[in-house]
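Heads up: the sequence shown is residues 13 to 119, going by my numbering. Ideal Cβ placement from N, Cα and C applies to all residues, glycine included. None of the values given here were measured: they were computed from a predicted structure.
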Amino acid sequence: MAMLPCDPGYHGVQYGAKQGGGYYAYVSSKFSNSLIIVDPDPNNDGIPADAAVAGRISLTSVGTTVTDDTIIGNRGMGGQGLLTIPVDNNGWIQNLPQVWKDQLTAS
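(1) Can you check whether the C-beta of residue 25 is within less than 8 angstroms of a C-beta belonging to chain B?
(2) I'd like the span of the alpha helix (DSSP H) that includes residue 111, first residue to last.
(3) Are the region 62-71 and the region 43-52 in contact at 8 angstroms, needing three or more beta carbon pairs?
(4) Is it true that the CB of residue 36 sits closer than 8 angstroms to the CB of residue 28?
(5) Give me the Cα-Cα distance between residue 57 and residue 76, rounded to the nearest whole angstrom.
(6) Could you tell me the boundaries of the beta strand (DSSP E) in which residue 66 lies?
(7) At 3 residues or longer, and completely inside the region 25-87: list those beta strand (DSSP E) runs for me, N to C.
(8) If residue 38 sits next to residue 94, beta carbons under 8 angstroms apart, how far is it from one beta carbon to the other, in whole angstroms?
Structural data, given as structure tokens:
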């Protein structure tokens, strides 16, 4: 078990394949427009005590960002859903195009 720094309200997690094997955890926040990427096992020893924040992504817009609506209240509220590509869950991975499958590490 590891305790990692995060913004208030982190609650949503989606796992995605990590090049070379293993997974990254992409973690969203309710009260921040930020997403952290956690490597739950950086040295691949199977022990999560050394889990670490591998990166952070700002989920904000710029002037050229296309949106489908205007924010009218609660600016800065996060809770964004996320989808890792490719979806590597059993039942989904079988339907991946071969070009995506070729990029995954054999188990």
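By the coordinates alone:
(1) Going by chain labels, chain B is absent from the structure shown, which holds only one protein chain.
(2) 110-113
(3) yes
(4) yes
(5) 43 angstroms
(6) 64-70
(7) 35-41, 46-51, 64-70
(8) 5 angstroms
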